[in-house]
Amino acid sequence: MFENLTEKFQGVVKALRGQGRISEGNIEGALREVRLALLEADVNYNVVKDVTAAIKEKALGAEVLASLSPDQHFIKIVHDEMTKMMGGEAQELDLARRPPVPIMLVGLQGSGKTTSCGKLALYLQKKKRSPFLVPADVYRPAAIEQLKVLGSQIGIPVFDSNPGADPVEICREAVRFADRNGYDTVLLDTAGRLHIDEKLMEELRRIKEAVDPSDILLVADAMTGQDAVNVAKAFHGKLSLSGIVLTKMDGDARGGAALSIRAVTGAPIKFVGVGEKLDALEPFYPDRMASRILGMGDILTLVEKAQETIDEKQARELERKLRKSQFTLEDFREQLLRVRKMGSMEELLGMIPGMGGKLKDLKGAAPDEAELKRTLAIIDSMTREERRNVKVLNGSRRKRIALGSGTTVQEVNRLLKNFQQAEAMIKRFSQAGGRKAGRNLPFFR
Amino acid sequence: MTDHSSDSFFSRLKAGLGKTRELLFMNVEAIARGIGPVDEKVLSDLEEALILADAGAGLAHEYAEQLRAKWRRGELPDVEALRAALRRMIAETLAPRMVPLAVAPPYPFVVLVVGVNGVGKTTTIGKMAHWLRGEGHPVLLAAADTFRAAAIEQLKVWADRAGAEFVRHQEGSDASAVAFDAVRAAAARGTHAVLIDTAGRLHTKAPLMEEMRKVVRIVGREIPGAPHEVLLVLDATNGRNAIAQAKTFREFTGVTGLALTKLDGTAKGGVVLSVTREIDAPIRFIGVGESVDDLRPFDAAAFAEALF
Ligand SMILES: Nc1nc2c(ncn2[C@@H]2O[C@H](COP(=O)(O)OP(=O)(O)O)[C@@H](O)[C@H]2O)c(=O)[nH]1
Ligand SMILES: [Mg+2]
Chain E
1 MFENLTEKFQ GVVKALRGQG RISEGNIEGA LREVRLALLE ADVNYNVVKD VTAAIKEKAL
61 GAEVLASLSP DQHFIKIVHD EMTKMMGGEA QELDLARRPP VPIMLVGLQG SGKTTSCGKL
121 ALYLQKKKRS PFLVPADVYR PAAIEQLKVL GSQIGIPVFD SNPGADPVEI CREAVRFADR
181 NGYDTVLLDT AGRLHIDEKL MEELRRIKEA VDPSDILLVA DAMTGQDAVN VAKAFHGKLS
241 LSGIVLTKMD GDARGGAALS IRAVTGAPIK FVGVGEKLDA LEPFYPDRMA SRILGMGDIL
301 TLVEKAQETI DEKQARELER KLRKSQFTLE DFREQLLRVR KMGSMEELLG MIPGMGGKLK
361 DLKGAAPDEA ELKRTLAIID SMTREERRNV KVLNGSRRKR IALGSGTTVQ EVNRLLKNFQ
421 QAEAMIKRFS QAGGRKAGRN LPFFR
Chain G
1001 MTDHSSDSFF SRLKAGLGKT RELLFMNVEA IARGIGPVDE KVLSDLEEAL ILADAGAGLA
1061 HEYAEQLRAK WRRGELPDVE ALRAALRRMI AETLAPRMVP LAVAPPYPFV VLVVGVNGVG
1121 KTTTIGKMAH WLRGEGHPVL LAAADTFRAA AIEQLKVWAD RAGAEFVRHQ EGSDASAVAF
1181 DAVRAAAARG THAVLIDTAG RLHTKAPLME EMRKVVRIVG REIPGAPHEV LLVLDATNGR
1241 NAIAQAKTFR EFTGVTGLAL TKLDGTAKGG VVLSVTREID APIRFIGVGE SVDDLRPFDA
1301 AAFAEALF
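If you want it as structure tokens, here you go:
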């Protein structure tokens, strides 16, 4: 699944590859791909329009980074923009006020409120607070019972709600009870409801009025589609949400609803649910979410890492050498070290654009860390002259190098063969791809 | 099914829409009013409306292209004709999926209900039980969701409401053991229908999906031909992920029917247009609320009507 999406998104990359810079003329195709990727990820149609407009503006006005080709640069802009819209940093619950602090969970039916209540209780308990659970869903069969069971699983007290009572009264009463009994955080589990159910939406407003919660969290399913904006708008309009809990993130939904909800409410996503167990609650990372929605986290990591590890001067120097066919074992060595700095081989192979799908065949072909070390040892056992001109490496020199590096002559031979292949590949790249093609791929083997 | 005319179905959906008028976008509204001539703008608004109904950008584009061709041939004089044409196209696509669930001998007729978490499996079972009881069938509900807290109690409430028999084990016990006991009991007692409730599971979790496969196998070993129906419940609020859900559940459990819930909200469930391209199961029911009688047979024309 993930590889599929990665490949699909690489259409964006291809459209820009080989272009000198990002321009009005060549960006349209890439933007269309972004638009489709976002829609397929369930980002709301109108939000997609805003996002792509912002991306376009950024991309056209941007200084081209020398270490990145235009396609990679474009992806970086997309990712940065999405991350920004997702809210920058992770945000916490507001627990500063005098206890008991009421926290209200609201949302559609089946979005995961009750489970999230249990998870938050456990989370708060780990933070040395004393949480109190309040079932305020008197409508759904056995909803009160469900929270009671969860509470007993984690040893957290649950208010004994009267199923015949008004939920507003239950909440008011429960907060008083918490105050009297020394619980400092009160988690109110409200019934799932449709955002267009005016009577039940009014009930939420009355609960808010009665207990003045410090946080009102909308619990939303990561699988939600286009309707997420309508839901979020209605709940936000009625209650002024302070945050979002995004549930069922352990599935394969791309979770575009996160961006939609964020866009219409401005409220931060405070937690994500990643499983049915009560400890399966995580803080929200906007940049990871951006990657997930785009279905291309791996490429982005490569781009970022490439940015860190290849500075512009080095890149130009390498390019010059390529043009003059002066690529030596010293350069090869440098490339290997760079590759190593960027991460493990398998991880890296997965990150190279266009290789997502071919990852399985390539895995065996990649040198592992031990092999990399031996390769480096071989190169280090050569004289400077040998490294610069492999042609001088006759049989006796090879034997000496093998001895010096603690390897075998066969291994030395293999390395030299690999180097020649890399050399040939680089030449091909620098001829086919024009000016920028050679500098973005780390070469090895 | 009980005496709910498709009229009341319409009015319910329309009522739902009415309440959210202010939430709808202006251009979509213009189409809804069906005024004016067709032009490129109207066509792209229609495409937008389909995307907003979760039909997917690709499918929306396909429909828009077909309509554009008709328009160029002069077949669509105004927006009203355009809307009617799109509705007809969608209704025709979905018409073959209007196959109601026929609970028939040899009894017990076994229905296994599956789906991801929170889509409405248990509620749908409660409603189905009520409908079948109304048709005079003795029904048994099997509490094979042994995982979620108080899931058994939830189903018990529905069994009582509908007047259905009930088979349960301890919380945490083996789901296929519950299913096995349930079909056995039904066979012994001459019960007509067994509805097996299962724990919600994300389709990406292979071990949990294998567990479903096992339930299918065990039930089939006990009663030849069972389960007679594997009903996959989809939530209309879900977007494109429903496609992956449908494909994977089909692979593991051989889905033979779909139920689309929560159509009483503002979500349109347009993703079923894509789902039915991927799997050939009919849509048996739609869910339009939380009460016992908020279940309807799927009606392609009514669905298309409410879609945009
Ligand atoms: N509005 C609405 N809510 C529904 C519908 N079907 C189920 N629900 C609600 O969705 C929530 C989850 O339903 P449940 O049957 O427990 O889902 P399960 O986890 O799949 O068994 C409950 O609050 C139900 O009342 C429907 O058609 N419309
Ligand atoms: Mg259930």
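Protein chains in written order, with the working numbering: chain E, 1 to 445; chain G, 1001 to 1308.
Here a beta-carbon is modelled for each residue, glycine too, at the ideal position from N, C-alpha and C.
Computed from a prediction, not measured in an experiment: that's the story for all the values here.
- prompt: Cβ of residue 1197 (chain G) within 7 angstroms of any heavy atom in ligand 2?
  reply: For this step, residue 1197 (chain G) is matched to residue 197 along the second sequence. Yes, the beta carbon of residue 1197 (chain G) sits closer than 7 angstroms to at least one heavy atom of ligand 2.
query: Residue ranges of each beta strand (DSSP E) run of no fewer than 3 residues wholly in the segment 20-72 of chain E, ordered along the chain?
result: none
- request: For the beta strand (DSSP E) containing residue 103 (chain E), list its first residue and its last residue.
  value: Numbered from 1 along the first sequence, position 103 holds the residue referred to as residue 103 (chain E). That run of the beta strand (DSSP E) goes 101-106.
message: So for residue 1164 (chain G), helix, strand or coil by DSSP?
response: On the second sequence, residue 1164 (chain G) is found 164 positions in, with the first residue counted as 1. Residue 1164 (chain G) falls in the coil class under three-state DSSP.
Straight-line gap, residue 1298 (chain G) to residue 1269 (chain G) (C-alpha atoms, nearest Å): Counting from 1 along the second sequence, the entry for residue 1298 (chain G) is found at position 298. Counting from 1 along the second sequence, the entry for residue 1269 (chain G) is found at position 269. Taking the Cα positions, residue 1298 (chain G) is about 12 angstroms away from residue 1269 (chain G).
task: Consider the C-beta atom of residue 1121 (chain G) and the heavy atoms of ligand 2; say whether any pair is separated by less than 7 angstroms.
output: For the purposes of this step, residue 1121 (chain G) is taken as residue 121 along the second sequence, with counting starting at 1. For residue 1121 (chain G), the CB falls within less than 7 angstroms of some heavy atom of ligand 2.
- request: May I ask you to list, following chain order, the residues of the segment 230-253 of chain E that have a beta carbon less than 9 angstroms from some beta carbon of chain G?
  value: 230, 231, 233, 234, 247, 248, 250, 251, 252 and 253
field: Within 7 angstroms of chain E by C-beta, residues of the segment 1138-1158 of chain G in sequence order
entry: 1149, 1150, 1153, 1154, 1157 and 1158
query: Where residue 420 (chain E) and residue 379 (chain E) are concerned, what is the direct C-alpha to C-alpha distance, given to the nearest angstrom?
result: As a first step, residue 420 (chain E) is located in the first sequence; it is residue number 420 there, counting from the start. As a first step, residue 379 (chain E) is located in the first sequence; it is residue number 379 there, counting from the start. Roughly 14 angstroms separates the two Cα atoms.
message: Quick check: is the beta carbon of residue 185 (chain E) nearer than 8 angstroms to any beta carbon in chain G?
response: The residue you call residue 185 (chain E) lines up with position 185 of the first sequence. No, residue 185 (chain E) does not count as interfacial toward chain G.
- request: Can you give me the start and stop residues for the alpha helix (DSSP H) that residue 286 (chain E) sits inside?
  value: As a first step, residue 286 (chain E) is located in the first sequence; it is residue number 286 there, counting from the start. Segment 286-294, the alpha helix (DSSP H) holding residue 286 (chain E).
message: Let me check one thing: in DSSP terms, what residues is residue 1238 (chain G) bridge-paired to?
response: Position 238 of the second sequence, counted from the start, is the residue given in the question as residue 1238 (chain G). DSSP output for residue 1238 (chain G) lists E:224 as bridge partner(s).
query: Mind pulling the beta strand (DSSP E) runs of 3 or more residues that sit fully within the segment 1075-1121 of chain G?
result: Within the segment 1075-1121 of chain G, the complete beta strand (DSSP E) runs of at least 3 residues are 1109-1114.
query: In three-state terms, what does DSSP make of residue 282 (chain E)?
result: By 1-based counting over the first sequence, the position of residue 282 (chain E) is 282. Reduced to three states, the DSSP call for residue 282 (chain E) is strand.
query: When the Cα of residue 1257 (chain G) is compared with those of G:1058, G:1077, G:1102 and G:1057, which residue comes out closest?
result: Sequence index remark: in the second sequence, residue 1257 (chain G) carries index 257 (1-based). Comparing Cα positions, the closest option is G:1102.
field: Same chain, Cβ closer than 8 angstroms to residue 1275 (chain G), five either side skipped, listed in chain order
entry: Stepping through the second sequence from its first residue, residue 1275 (chain G) is reached at position 275. Around residue 1275 (chain G): 1234, 1242, 1243, 1246 and 1258.
message: Run through the DSSP bridge pairs and tell me what residue 131 (chain E) is partnered with.
response: Along the first sequence, one-based indexing puts residue 131 (chain E) at 131. Note: residue 131 (chain E) sits in a beta bridge opposite E:185.
task: Put residue 1297 (chain G) into one of helix, strand or coil per three-state DSSP.
output: Position 297 of the second sequence holds residue 1297 (chain G). DSSP places residue 1297 (chain G) in strand when its eight states are reduced to three.
- prompt: Among all the DSSP beta bridges, which residues are the ones paired with residue 1037 (chain G)?
  reply: Residue 1037 (chain G) sits at position 37 when you count from the first residue of the second sequence. G:1078, per the DSSP bridge assignment.
Cutoff 7 angstroms; reference residue 1307 (chain G); Cβ partners in own chain excluding five residues on either side: Against the second sequence, residue 1307 (chain G) aligns to sequence position 307. If we look at residue 1307 (chain G) and ignore the five residues flanking it on each side, its Cβ neighbours are 1053, 1090, 1268 and 1270.
task: With a cut-off of 8 angstroms on the beta carbons, I'd call residue 189 (chain E) and residue 136 (chain E) a contact; round off their distance for me.
output: Mapped onto the first sequence, residue 189 (chain E) falls at position 189. Mapped onto the first sequence, residue 136 (chain E) falls at position 136. Indeed they touch by this definition, with Cβ atoms about 6 angstroms apart.
- request: Determine whether the Cβ of residue 1235 (chain G) lies closer than 8 angstroms to any Cβ atom of chain E.
  value: For the purposes of this step, residue 1235 (chain G) is taken as the residue at position 235 of the second sequence. It does; some Cβ of chain E falls within 8 angstroms.
message: Let's test the definition: count the other Cβ atoms within 10 Å of the Cβ of residue 153 (chain E) and tell me whether it reaches 16, buried, or not, exposed.
response: The residue labelled residue 153 (chain E) in the question sits at position 153 within the first sequence. By the neighbour-count definition (other C-beta atoms within 10 Å, threshold 16), residue 153 (chain E) is an exposed residue.
- prompt: Which residues in the same chain as residue 1305 (chain G) place their Cβ atom closer than 7 angstroms to its Cβ, once the five residues preceding and following it in sequence are excluded?
  reply: Within the second sequence, numbered from 1, the residue matching residue 1305 (chain G) stands at position 305. If you ignore the 5 residues before and after residue 1305 (chain G), its C-beta comes within less than 7 angstroms of the C-beta of 1087, all in its own chain and listed in chain order.
message: Does any residue of chain E have a CB that is nearer than 8 angstroms to the CB of residue 1010 (chain G)?
response: Here residue 1010 (chain G) is taken as the residue at index 10 of the second sequence, counted from 1. Because residue 1010 (chain G) sits at a pLDDT of 47, beneath the cut-off of 50, its placement in the model cannot be relied upon, and the following sentence gives the value as read from the coordinates. Any Cβ of chain E closer than 8 angstroms to the Cβ of residue 1010 (chain G) would place that residue at the interface, and such an atom is absent.
message: At the level of alpha carbons, what is the spacing between residue 1255 (chain G) and residue 150 (chain E)?
response: On the second sequence, residue 1255 (chain G) is found 255 positions in, with the first residue counted as 1. On the first sequence, residue 150 (chain E) is found 150 positions in, with the first residue counted as 1. Approximately 32 angstroms between the Cα atoms of the pair.
message: Quick check: does the Cβ of residue 1261 (chain G) come within less than 7 angstroms of any heavy atom belonging to ligand 1?
response: The sequence position of residue 1261 (chain G) within the second sequence is 261, counting from 1. Answer for residue 1261 (chain G): yes, Cβ within range of ligand 1.
- request: Using the Cα positions of residue 223 (chain E) and residue 38 (chain E), report the straight-line distance between them to the nearest angstrom.
  value: The residue you call residue 223 (chain E) lines up with position 223 of the first sequence. The residue you call residue 38 (chain E) lines up with position 38 of the first sequence. Each residue's alpha carbon lies about 14 angstroms from the other.
- prompt: Since residue 1271 (chain G) meets chain E, which of its residues come closer than 7 angstroms, beta carbon to beta carbon?
  reply: For the purposes of this step, residue 1271 (chain G) is taken as residue 271 along the second sequence, with counting starting at 1. Residue 1271 (chain G) reaches chain E at 225, counting residues in chain order whose Cβ is nearer than 7 angstroms.
- request: Take residue 91 (chain E) and list the residues in its own chain whose beta-carbon comes closer than 6 angstroms to its own, dropping the five residues that flank it on each side.
  value: For this step, residue 91 (chain E) is matched to residue 91 along the first sequence. 268 and 270, listed in sequence order.
- prompt: Within 8 angstroms (strictly less), CB to CB, does residue 1125 (chain G) reach chain E?
  reply: To locate residue 1125 (chain G), count along the second sequence from 1; it is residue 125. No, residue 1125 (chain G) does not count as interfacial toward chain E.
- prompt: Taking any Cβ of chain A, which residues in the segment 1058-1085 of chain G have a Cβ under 7 angstroms from it, in chain order?
  reply: In the displayed structure, chain A is absent; the protein chains listed are E and G.
- prompt: Which term fits residue 1154 (chain G), buried or exposed, when burial requires 16 or more other beta carbons within 10 angstroms of its beta carbon?
  reply: Counted from its first residue, the second sequence places residue 1154 (chain G) at position 154. It is buried - the Cβ of residue 1154 (chain G) has at least 16 other Cβ atoms within 10 Å.
N-terminal and C-terminal residue of the beta strand (DSSP E) that residue 1196 (chain G) is part of: Numbered from its first residue, the second sequence carries residue 1196 (chain G) at position 196. From DSSP, the beta strand (DSSP E) with residue 1196 (chain G) extends over 1193-1198.
- request: Tell me, please, whether the segment 240-249 of chain E touches the segment 214-229 of chain E by the rule of three or more beta-carbon pairs shorter than 8 angstroms.
  value: yes
query: Beta-carbon of residue 121 (chain E) versus every beta-carbon of chain G: anything under 8 angstroms?
result: Looking up residue 121 (chain E) in the first sequence gives position 121. No, because no Cβ of chain G sits closer than 8 angstroms to the Cβ of residue 121 (chain E).
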